[in-house]
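One structure below.
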Amino acid sequence: MAFSANRSNVSGGSPRSATVRLERASSLTSNTSPTHPRSKAIPSATSPGRRPSRNGRDDSGVSGRVRVAVRLRPRNSEELKSDDVADYIELMPELKRLKLRKNNWDFETFQFDEILNETASQKRVYEVVAKPVVESVLEGYNGTVMAYGQTGTGKTFTLGKLGEDDAADRGIMVRAMEDILANASAEQDSVSVSYLQLYLETVQDLLAPEKDNLTISEDPRTGDVSLPGATCVEVRHPKSFLELLEAGEANRIAANTKMNTESSRSHALLLVNVKKSVKAKQEKESTASNENGSSLQLSKSHSLMTIRKSKLLIVDLAGSERVDKSGSEGHLLEEAKFINLSLTALGKCINALAENSPHVPIRDSKLTRLLRDSFGGTARTSLVITIGPSSQHRAETMSTILFGQRAMKVENMVKLREEFDYKSLCRKLEADLDRLIAENERQNKLVLDTEEQLQKRAEEAELTIQQAERKAKVLLEESHAKKLKLQKENLDSIRRLQQECSLLEKELKENAVKLQSEKEAAVVEKEMQIQNERAKKQQEKEEYIEEYQHKLEELNKKFEAERAERESIERRLQEIEDCMEGQNKLELDDQENLNELAKKMEEESHSRERATRELGEWKLQGAFIASNEEIEEQCKQKEVLEKEVKDLKQQMLQLSYDTDETRKVLEKGPTRVSLGAESPMSLSKAHHMRETVNGQRATIAKLFEQVGLHKILSLLESEDVDVRVHAVKVVANLAAEESNQEKIVESGGIVSLLRLLDSSQDDIIRRVAAGAIANLAMTETNQELIMAQNGTRLLVRTANETDDPQTLRMVAGAIANLCGNEKLQARLREDGGIIALLGMARSRHPDVLAQIARGIANFAKCESRAARGQKREKSLLIEDGALPWIVENATNEISAVRRHIELALCHLAQHEVNAVDLIAAGALWELVRISKECSREDIRILATKNITSSSSFQSELKKL
Ligand code: ADP
Ligand code: MG
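89 is the number of the first residue of the sequence shown in my numbering; add one for each residue after it.
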């Protein structure tokens, strides 16, 4: 037990009153008074700092001083009648002070927790004195409300007034019960009441008058005081409580005294037991401790229920007046003695507690034993001291006030009466356990069912495996049988193949024998054939020899005649030479023609000499005898030859004349070999020249008619260079005439000319031969023939070997003509035609350049034509690097060159595939120029069209 005392209160008459510190507490239970530094506010039940006590006990209680209020009774009718003016007492409720007159000139001032004057209503008294205690009880604390005072000052009025007539008169007991019942749950909580009387140190049960001596029991461990024998009635409604009180009241022994007939001489005790269930704060894993301190883990699903068991004790004490003043006698005196014994013991205890004395004489009386928890215990205690207004009772009033002052110093340690509701917890745990057991059973059943199902499935699987094994066995057997069958078939087929092989081998051998015999027969036949052929050839040989001997004779005669003829021709030639000598500036070509004839004659004479020699040889051998008829024939031949010679003479004359004429023409302008339709001849002189040349050609034509083309062509192979030169010139002239070309070609002219070009190193021969080839290369057939005879390669070689501009002109002309054949373009290029053509540009001779340009234009035109309507490759001209030359010469001052190149550019530009290269080489700008400046309108239009239709050209032009 903790004891404490408040010594700072004002004590009666003490000069220390000047230092009194005024308490401003609004109620008797306020623990926040600054005059009580040790006191602390009573924590509310819901305060978070509160910790539940073990078994409802908390050793660390909160200090709570006993609160004391003073109530002054209004004057009763008697007092009102008397003149006794109660001026000995002065109440100052607002200051919570009370002044008591000591004598005529001095007052004693007392400070209380509350001063209630005569007008204070019952309701106010309840709220100030009892309500805080009642609330505290509802929160789980023990509480005591007690009235102390002289008999007739209104203790019973304050506490026990039932208020049947006037509800406003209801006393603390009724109001407290009303509040408790209003705040208790009918289902969970319980409120029970015992009503007792302590009279002459005997405890009587007012609810059961037969229990007239109840024993007070104290728990030795906790110190709790109880009355085990007392009747405890559960109260649910205020009305039933009133009935209980009435019944109890009827049992109370009341004795009249002189002072007040209504005053009770016994102590009345109303004991209210409140049991409330409170849901403790739920924690994740809350732990509760049982009495032995062992821990019990509670499942999360349980909320801890705690039970708060608190007691409210309302004590209506008997009067505190002195015995001698009460006027009691006999039994009454005894009563007074006992009554005052209890009160004296109470006063002693309170003094001891107030003075913090080590010994508190609790056990001196039953009252102090019953109030053990109320003063210096764990209860919240509120004391109301009642005083009367009559000055006659001044001494008792003073004694009462001093009792109150001492009681104010008693400090209690209020403790929460809380314990776990183990029963409900147990019930819940049992319910949980049952639920878990049921769940466990269900799970067990589920496991058993699952096991059963698995077992069933395993059996099924076993069955399936067995079936599968049987099937596999059957399949294995079947496959084994199939394998055996296949092996047998295999062996059979091998055997059959071997038989077929041996048959084939046999057949082969037979065939070989047969072939051998056939071969032998063929050899025999061939030998016979060879022998026959040999005999036939022998015969032919003999016939030929015979014929040849005959011819020789003829020739002999013919030579004789020709010798004479030759002599005459020589004479004639001499004459011509003489004639020619006079002409100093004879043109070379015509001189050569004349020489050619002279040479021819010479050659004839040589061949005649050779024939004569051969004839002589034959004669010597005696293998040849000419007949008379043959001689006659020879004579005829001779005549013919003589005629030929005569004609030749005439031709020579004509030729001389022509030569003269030609020379005159040449003096006026250069002669050029005609090279097809586009011969680069000066137009101003063309007409006259053409006439002259035509005359010359006519003469040559006549010559070749009379001499024979074969003969002239055979002269191309003459060993004599001069003869070859003359012959080739004649052939070239003939070839210039379109009418002769077919005959020349038919007589093998192309082959002869190519052979000449191939074999000769002479520039004149090469030039003239190339010219002739160029002229022949005008028709498609001839072009093909030239190509077939490797003509291009020969022309290319010639182009590479010579630097003679005229030769190059002819070669370029020939290649240019070949360029005009679509079918031969690839071959021409393959044979190096384009590169050779470009290579000849080194000569820089205008005629050569013109031919090159013509060739390139021809090639481009044919490419363009061949590609029409089909996707094509890049131009072969571009592939062979012709573009730079083309661009360079696009503005050549020679109009022939320029025009051909402009045409070539237009042809190349027609195809988008060439566009990139054309742009790169700068040809686009030439095309633009052509489209604007070209003198020929058709070329301008073509160039414009090419530029506009090419997307590449357009995008290149947009870049600017
Ligand atoms: P006690 O119990 O102290 O002996 P009682 O309660 O019996 O005194 O009161 C004595 C008389 O005074 C009663 O008749 C009671 O009605 C009356 N009385 C006491 N206090 C008051 C009060 N405050 N107002 C009116 N009458 C009162
Ligand atoms: Mg009374």
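Cβ atoms here follow ideal geometry from the backbone N, Cα and C, with glycine treated the same way.
Owing to the predicted nature of the structure, the values given are computational and were not obtained by experimental measurement.
In this structure, the alpha-carbon of Ala256 lies about 11 Å from that of Val213. Phe491 has its CB no nearer than 7 Å to any heavy atom of ligand 1. Cβ neighbours of Asp267 within its own chain (closer than 6 Å, five residues either side excluded): Val222. For the pair of segments examined, the stretch 330 to 337 was found not to touch the stretch 487 to 503: the number of CB pairs separated by less than 8 Å stays below three.
The alpha helix (DSSP H) runs lying completely inside the stretch 479 to 559 and spanning 4 residues or more are 482 to 495, given in chain order. A direct Cα-Cα distance of roughly 37 Å separates Glu889 from Cys1022. Remark: the C-beta of Asn271 is outside contact range of ligand 1, defined as less than 7 Å to any heavy atom. Excluding residues up to 5 positions away in sequence, Gln292, Asp293, Gly317, Ala318 and Thr319 lie with their Cβ nearer than 8 Å to the Cβ of Lys299 in the same chain.
A residue is called buried when at least 16 other Cβ atoms come within 10 angstroms of its Cβ; His355 meets this threshold and is buried. Proximity of the stretch 271 to 278 to the stretch 442 to 450 falls short of the contact definition, fewer than three beta-carbon pairs being nearer than 8 Å. The Cβ atoms of Thr469 and Thr232 lie closer than 8 Å to each other. For the 8 Å CB-CB criterion, Gly492 and Val216 do not form a contact. Within the stretch 991 to 1018, the alpha helix (DSSP H) runs of at least 4 residues that lie entirely inside it are, in chain order, 1003 to 1009.
Arg161 counts as buried, since no fewer than 16 other beta carbons sit within 10 angstroms of its beta carbon.
The Cβ atoms of Val366 and Arg396 sit closer than 8 Å to each other. For Leu204, the beta-bridge partners assigned by DSSP are Arg159. In the assembly as shown, Thr310 is an exposed residue. Its beta-carbon has fewer than 16 other beta-carbons within 10 Å.
Annotation for His355: the continuous beta strand (DSSP E) segment containing it runs His355 to Lys367. Shortest gap from the CB of Thr244 to any heavy atom of ligand 2: under 7 Å.
In the DSSP assignment, the residues bridged to Ile395 are Ser365 and Glu507. Bounds of the alpha helix (DSSP H) holding Glu830 are Glu826 to Glu834.
Assigned with DSSP and collapsed to three states, Arg942 falls in helix.
Between Gly859 and Ala887, the C-beta gap is not smaller than 8 Å, which leaves the two residues out of contact. Look at the beta carbons and you see the stretch 233 to 241 touching the stretch 465 to 485: at least three pairs across the two are nearer than 8 Å. According to the DSSP assignment, Phe245 belongs to the alpha helix (DSSP H) that extends over Lys243 to Gly248.
Non-local C-beta neighbours of Ser398 in its own chain, meaning closer than 6 Å and more than five positions away in sequence, comprise Val225, Gly228, Tyr229, Asn230, Val362 and Arg505, ordered along the chain.
Judged by the Cβ position, Asp257 fails to qualify as a neighbour of ligand 2 at the 7 Å threshold, every heavy atom of the ligand being at least this far.
Looking at the DSSP output, Gln292 shares a beta bridge with Gln285. Ranked by how close their Cα comes to the Cα of Glu691, the residues Glu550, Glu990, Glu825 and Val809 have Val809 in first place. Exposure of Leu1048 is indicated by the presence of fewer than 16 other C-beta atoms within 10 angstroms of its C-beta. With fewer than 16 other Cβ atoms inside 10 Å of its own Cβ, Ile618 counts as exposed. Within its own chain, the residues whose Cβ lies closer than 6 Å to the Cβ of Ser806, once the five positions on either side in sequence are excluded, are Arg812, listed in chain order. For Glu918, the enclosing alpha helix (DSSP H) begins and ends at Gln913 to Glu918. DSSP places Leu965 within a helical segment (H, G or I) once states are collapsed to three.
Looking at the DSSP output, Phe195 sits in a beta bridge with Arg189. Per DSSP, the unbroken beta strand (DSSP E) holding Leu471 starts and ends at Arg468 to Ile475.
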